[in-house]
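Student:
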Amino acid sequence: MAAVKPGLGAYAYQVAIVGAGFLADAYDLFVIDLVISILHRLQPGGLAVGSKSLVASATLVGAMIGQLVFGVLGDWIGRRGTFLATCFLIIGGAVLSGCVVWTSDASPFGLVQQLALCRFFLGVGVGGEYPLAATIAAEGAPEGSRGRFIAAVFSMQGWGMLLSCLVVLLMLALDTPLEYIWRIALILGAVPSAAVIFIRAKMQETEMYVEAHGGVPTGLKAHARGAWIHIKSYWRPLIGTTMTWLLLDVTFYGTGSFKHRVASSLKFGELRGNPRDEVWDEAMFATLCSCLAIPGYLLSVAFVDVLGRYAIQFWGFVAMALNFFVVAFLVGSALAPGARWTMLVCFGCTFLFSNFGPNTTTFMLPAEVYPTMVRATCHGLSAAAGKLGAVIGTVAFSPCEEAFGIRVVLAGCGFVCLVGALFTAGFTSDAVADLRELDRLTPA
Numbered sequence: 003m004a005a006v007k008p009g010l011g012a013y014a015y016q017v018a019i020v021g022a023g024f025l026a027d028a029y030d031l032f033v034i035d036l037v038i039s040i041l042h043r044l045q046p047g048g049l050a051v052g053s054k055s056l057v058a059s060a061t062l063v064g065a066m067i068g069q070l071v072f073g074v075l076g077d078w079i080g081r082r083g084t085f086l087a088t089c090f091l092i093i094g095g096a097v098l099s100g101c102v103v104w105t106s107d108a109s110p111f112g113l114v115q116q117l118a119l120c121r122f123f124l125g126v127g128v129g130g131e132y133p134l135a136a137t138i139a140a141e142g143a144p145e146g147s148r149g150r151f152i153a154a155v156f157s158m159q160g161w162g163m164l165l166s167c168l169v170v171l172l173m174l175a176l177d178t179p180l181e182y183i184w185r186i187a188l189i190l191g192a193v194p195s196a197a198v199i200f201i202r203a204k205m206q207e208t209e210m211y212v213e214a215h216g217g218v219p220t221g222l223k224a225h226a227r228g229a230w231i232h233i234k235s236y237w238r239p240l241i242g243t244t245m246t247w248l249l250l251d252v253t254f255y256g257t258g259s260f261k262h263r264v265a266s267s268l269k270f271g272e273l274r275g276n277p278r279d280e281v282w283d284e285a286m287f288a289t290l291c292s293c294l295a296i297p298g299y300l301l302s303v304a305f306v307d308v309l310g311r312y313a314i315q316f317w318g319f320v321a322m323a324l325n326f327f328v329v330a331f332l333v334g335s336a337l338a339p340g341a342r343w344t345m346l347v348c349f350g351c352t353f354l355f356s357n358f359g360p361n362t363t364t365f366m367l368p369a370e371v372y373p374t375m376v377r378a379t380c381h382g383l384s385a386a387a388g389k390l391g392a393v394i395g396t397v398a399f400s401p402c403e404e405a406f407g408i409r410v411v412l413a414g415c416g417f418v419c420l421v422g423a424l425f426t427a428g429f430t431s432d433a434v435a436d437l438r439e440l441d442r443l444t445p446a
């Protein structure tokens, strides 16, 4: 990818091409919340807690593997070819997810297992987008506005979250049967990647990658040996980028993947006994959360090069913690309608300050603090740590809520955010490095 060209049109075009995977990423990861809600109502007796966690976490486990594998491959064989491969995985996984079939209860490979397998492969592609998109954005952006460009690419995640809600709401409004809604919603996750696959095929390798490798390919063993030497010398920032991302995603995906349970606990809408109406209420709540989250992405784009990465990440964690504590204090209490809306807004603000905070900066920092030879690898390691946190959050949310109640779960999210602020204070630097200078200072 060449350096970002001047002009709003060219800027938006390149953001869309690099960030399309993130739109698909957020769409696919967050639409599953509403899909699980629909399947729970279609399945006689409802879905078991274990089945819900299996479907919700399958994409995340695949994403962890994709982040690690494509991070290494991006540094070894290049960004261009691997960036194209992630598109095919996302398209295939999304389409197959919508084509799974119902089976008898006695079947060892029922619909839940089929869906989990398809979403695992989808997750591998989604995971590969993280290190590759961040690295390509960082290496193609002007030095003075690099943060803004990376943040703009990452902001596509917010539009994917909103799109997942609007698709379900539109089909409900059109009186589409629930059986069709969840299938169509899953298949549409392939559209963003399909829209850019031919354009990505024409992309050139980044200049920094070509310069770092000198045009000479190396064997995997030689590459791994050199990468390990580089990674060992960056152990301190690696602790910072992995642990802050892990802690963030425990809360971000734990609450995000089960927004319908949070909505029920916060008494959003009334239980009307009609499955379509209940799904509508849950989709409306998810839309509210998305609308509160999107300004956070836009604020990061506007201010990340002004306020700095450290300040946005540290105070974002603190603001998230405060909002979680407020919601935990209010939930379950007898509240007037106005106070109930205050509680809902505070919950939405956890997403606002996540995005105008650590959700953006944890994606950005690993692309800026490591040299070109290991940039995608270290970003993949950091992102995989985040997805490990996401798996912990999604797998633990339902059992913890059943055992301790939603109030304890939300308060626990607040404490996790405070620990994230501590790791930021101890391991995150506010210095913005010149990437070419970073390469020159790193021994070959």
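Okay, so the sequence shown: first residue is 3 according to my numbering, each after it adds one.
Just so it is clear, CB atoms sit at the ideal spot from N, CA and C, and this is done for glycine as well.
The structure presented is a predicted model; accordingly, all values stated were derived computationally and were not measured.
Classify W184: buried if its beta carbon has 16 or more other beta carbons within 10 angstroms, exposed otherwise.
Tutor: That one is buried.
Student: In the DSSP assignment, the alpha helix (DSSP H) including I199 goes from what residue to what residue?
Tutor: Element bounds for I199: 193–203.
Student: How many angstroms separate the CA atom of L250 from the CA atom of G100?
Tutor: If you take the alpha carbons of L250 and G100, they lie about 30 Å apart.
Student: Given this structure, state the Cα-to-Cα distance separating G313 from D432, to the nearest angstrom.
Tutor: Inspection of the sequence shows that residue 313 is occupied by Ala rather than by Gly. Taking the straight line from one Cα to the other gives about 8 Å.
Student: Measure the CB-CB distance between G162 and A26 and report whether it falls below 8 Å.
Tutor: Cβ distance < 8 Å, so G162 and A26 count as in contact.
Student: Who are the Cβ neighbours of V102 in its own chain at under 7 Å, not counting the five residues just before and after it?
Tutor: If we look at V102 and ignore the five residues flanking it on each side, its Cβ neighbours are L113, Q116, L117, C120.
Student: For A22, count neighbouring C-beta atoms within 10 Å of its own C-beta (all shown protein chains included) and say buried if the count is 16 or more, exposed if not.
Tutor: So A22 ends up on the buried side.
Student: By alpha-carbon positions, which one of Y15, R43, Q16 ends up nearest to F284?
Tutor: One detail in the question is off: residue 284 reads as Glu in this sequence, not Phe. Comparing Cα-Cα distances from E284 to each of Y15, R43, Q16, the minimum goes to R43.
Student: Pair every Cβ in the region 122–129 with every Cβ in the region 143–154, then say whether three or more of these pairs are closer than 8 Å.
Tutor: The region 122–129 is not in contact with the region 143–154.
Student: Using only the alpha-carbon positions, how far apart do C419 and L324 sit?
Tutor: Each residue's Cα considered, the two are about 9 Å apart.
Student: Is the Cβ-Cβ distance between L188 and V37 less than 8 Å?
Tutor: A contact, by the Cβ cut-off of 8 Å.
Student: For F327, tell me which candidate among F123, R409, M158 has the shortest Cα-Cα distance.
Tutor: F327 has its Cα closest to that of R409, out of F123, R409, M158.
Student: Pop quiz: L301 and F349 are said to be a contact at Cβ under 8 Å. What is the actual Cβ separation, rounded to whole angstroms?
Tutor: Actually they do not touch by this definition, with Cβ atoms about 18 Å apart.
Student: Are G191 and A295 closer than 8 Å when you measure CB to CB?
Tutor: No, Cβ-Cβ distance for G191 and A295 is not below 8 Å.
Student: Is the CB-CB distance between T243 and F319 below 8 Å?
Tutor: No, the pair does not count as a contact, with Cβ atoms beyond the cut-off.
Student: Is there contact here, the region 369–381 with the region 222–237, by at least three beta-carbon pairs under 8 Å?
Tutor: At 8 Å Cβ cutoff, the stretches touch.
Student: With a cut-off of 8 Å on the beta carbons, I'd call T253 and M322 a contact; round off their distance for me.
Tutor: That pair is a contact at about 7 Å.
Student: Around the Cβ of Y182, are there at least 16 other Cβ atoms within 10 angstroms (buried) or fewer (exposed)?
Tutor: Y182 should be labelled exposed.
Student: Does DSSP put Y372 in a helix, a strand or coil?
Tutor: Y372: coil per DSSP, three-state reduction.
Student: Are the CB atoms of A386 and Y255 nearer to each other than 8 Å?
Tutor: In this structure, Y255 does not lie closer than 8 Å to A386 by Cβ.
Student: For V371, which residues in the same chain have their Cβ closer than 6 Å to its Cβ, ignoring the five residues on either side in sequence?
Tutor: Only P239 meet the Cβ criterion.
Student: Would R81 and L134 qualify as a contact pair, given that the criterion is a beta-carbon distance under 8 Å?
Tutor: Yes, the pair counts as a contact, with Cβ atoms nearer than the cut-off.
Student: Report buried or exposed for W237, applying the criterion of at least 16 other Cβ atoms within 10 angstroms of its Cβ.
Tutor: Counting Cβ neighbours within 10 Å, W237 comes out exposed, since fewer than 16 surround it.
Student: Excluding five sequence neighbours on each side, which residues of the same chain lie with their C-beta closer than 6 Å to the C-beta of F122?
Tutor: If we look at F122 and ignore the five residues flanking it on each side, its Cβ neighbours are A60, G64.
Student: Distance, Cα to Cα, Y299 vs S106?
Tutor: Roughly 44 Å between the two C-alpha positions.
Student: Can you give me the C-alpha to C-alpha distance between C402 and L174, rounded to a whole angstrom?
Tutor: Those two C-alpha atoms are separated by around 31 Å.
Student: Could you tell me if L172 is buried or exposed, where buried requires 16 or more neighbouring beta carbons within 10 angstroms of its beta carbon?
Tutor: Flag for L172 reads exposed.
Student: For a quick check, are the C-beta atoms of G73 and L383 less than 8 Å apart?
Tutor: Contact flag set, yes.
Student: So what's S109 in DSSP terms, helix, strand or just coil?
Tutor: Coil.
Student: Pop quiz: F316 and A423 are said to be a contact at Cβ under 8 Å. What is the actual Cβ separation, rounded to whole angstroms?
Tutor: That pair is a contact at about 6 Å.
Student: How about I19 and V170: do their beta carbons lie closer than 8 Å?
Tutor: Result no, Cβ atoms of I19 and V170 do not sit closer than 8 Å.
Student: Just list the beta strand (DSSP E) runs in the region 108–160, keeping only unbroken ones of 3 residues or longer that don't cross its boundaries, in chain order.
Tutor: Those beta strand (DSSP E) runs which fall completely within the region 108–160 and span 3+ residues do not exist here.
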